[in-house]
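Residues 10 to 190 (the working numbering) make up the sequence shown, in order.
Below is one structure; the comments refer to it alone.
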Amino acid sequence: MPEDEAGEVVDGRLEEEEMPDFVHELIVIWLGHAFRSWLGGRGGFVGGSGAKFAVAPRRGRKPDLSVYLPGGARPPRRGLVRLPPDIAVEVISPRPADVRRDRVEKMNDYAAFGVRWYWLIDPEARSLEVFERGPDGWYVRALGASGDAIAAIPGCEGLVLDLPALWREVEALGPDEPLTG
């Protein structure tokens, strides 16, 4: 899988990359900041959506965020990443094809790759789901939250996410405007 090729690779062919909107990017930056603040001087690393992970010989994925927790493995400085992060995060885009990609295809790829925690953030549902990879290699839902601040996040002791603050920031953008062309 070429590391300098744009997009994700599925079964050896280049797949169209999702086109994130401003809400998507706002959520990614907000969550990345929350992870960085939480990790503080403890170590650990947070990566953005530009890093490409070789999840299988003919498959490459680019999570919206990837997190390597303190005391664990370190990602390579450059190039294709072949070491699974502890956490992969995807912000669900509203197109049905993207929802399926995040909820089914990427979930299966990340589980097979060995990512312990898979997070899905759904801006439409205003929800966060955290899945943990079980001994059988499949994900089991470990947390589902939509309304309140979360103080007990599996795998992230001491991390507090103020989801209402996130959704207020999203709402501050105002209503969706019709697309013009």
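From the three backbone atoms N, C-alpha and C, an ideal C-beta is built for every residue, glycine too.
Shortest alpha-carbon distance to residue i belongs to which of the options?
{"i": "D118", "options": "I130, R142 and D131", "result": "R142"}
{"i": "Y148", "options": "S136, A120, K61 and E138", "result": "A120"}
{"i": "P105", "options": "S46, F54 and E133", "result": "E133"}
{"i": "V108", "options": "L74, G164, V90 and L129", "result": "L129"}
{"i": "G153", "options": "G146, P144, D131 and D145", "result": "D131"}
Enumerate in chain order the residues of its own chain whose CB-to-CB distance from residue i is below 7 Å, with the five nearest sequence positions on each side excluded.
{"i": "K115", "result": "R70 and E99"}
{"i": "L78", "result": "G53 and D95"}
{"i": "L35", "result": "E178 and V179"}
{"i": "A60", "result": "K71, S75 and V90"}
Just the Cα atoms here: how many angstroms apart are residue i and residue j?
{"i": "R86", "j": "L48", "result": "19 Å"}
{"i": "P173", "j": "R51", "result": "27 Å"}
{"i": "A181", "j": "G81", "result": "37 Å"}
{"i": "D157", "j": "R150", "result": "18 Å"}
{"i": "W126", "j": "L137", "result": "13 Å"}
{"i": "S102", "j": "P66", "result": "26 Å"}
{"i": "G123", "j": "S58", "result": "18 Å"}
{"i": "V139", "j": "E186", "result": "31 Å"}
{"i": "I38", "j": "V32", "result": "10 Å"}
{"i": "L92", "j": "P84", "result": "7 Å"}
{"i": "E166", "j": "I159", "result": "11 Å"}
{"i": "V113", "j": "L170", "result": "25 Å"}
{"i": "C110", "j": "A97", "result": "One point to set straight first is that residue 110 is Arg, not Cys, in the sequence displayed. Each residue's alpha carbon lies about 14 Å from the other."}
{"i": "P144", "j": "D73", "result": "25 Å"}
{"i": "G183", "j": "G164", "result": "34 Å"}
List the DSSP bridge partners of residue i.
{"i": "R70", "result": "F62"}
{"i": "F54", "result": "Y77"}
{"i": "L172", "result": "L172 is not bridged to any residue."}
Excluding sequence positions up to five away, which residues of its chain have a Cβ less than 6 Å from the Cβ of residue i?
{"i": "L168", "result": "W47 and I162"}
{"i": "V55", "result": "G41, F44, R45 and V76"}
{"i": "R135", "result": "S155 and W176"}
Among residues of its own chain, excluding the 5 on either side of residue i, which ones have a beta-carbon nearer than 8 Å to its beta-carbon?
{"i": "G146", "result": "A120 and A121"}
Requested in this report: Kindly provide the ranges of any beta strand (DSSP E) runs that are 3 or more residues long and lie completely inside the segment 85-164, ordered along the chain.
Outcome: 96-100, 126-131, 136-142 and 148-154
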